[in-house]
Amino acid sequence: MDLTNLLNLNALRNCDEINELCVKESARCEQEVKIGPWRADLKCGDVYVEVEPAERLACGVGQALLWRVAGGVEVALLLYGNGEAERAKTASLLVPVLYIDVELKIVCKYIGGAGGCVSFG
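Residue 3 is where the sequence shown starts when you use the numbering used here, and the numbers rise one by one after that.
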């Protein structure tokens, strides 16, 4: 699945506050799905997505890697925060990352340390 189409940017734009609930509701995906004994925040096509604030990046990467290794599924991480694009880009060396910069109102897609951003402001 193309991570860029995962979010409805118009719905994201209408959020009073960009938080986990707003991000999940803006996604074009199933919410709260099981992967064996674990729970994924979203399932978008064949991709299981962990949604985390940027300050919990390490936790989100760890969860996604666990699903990939133990569950044998395709994974991605969706982060939101302020000024964390470089950390998100670095994390994409391990798992694909969609990063929402709340302050700049941009959504960035990173895979393998490369990617780009689009505005939703």
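Cβ coordinates follow ideal geometry from the N, Cα and C atoms, glycine included.
In the same chain as residue 41, and ignoring 5 residues on each side of it, the C-beta atoms closer than 8 Å to its own belong to 34 and 35, in chain order. Just measuring C-alpha positions, the residue of 43, 30, 29 and 82 sitting nearest residue 58 is 82. DSSP links residue 100 through a beta bridge to 80 and 111. Residue 31 counts as buried, since no fewer than 16 other beta carbons sit within 10 angstroms of its beta carbon.
Between the beta-carbon of residue 54 and that of residue 95 there is about 17 Å, and that puts the pair past the 8 Å contact cut. By the C-beta density criterion, residue 117 is buried, having at least 16 other C-beta atoms within 10 angstroms. Residue 35 carries a strand assignment under DSSP once its states are collapsed to helix, strand and coil.
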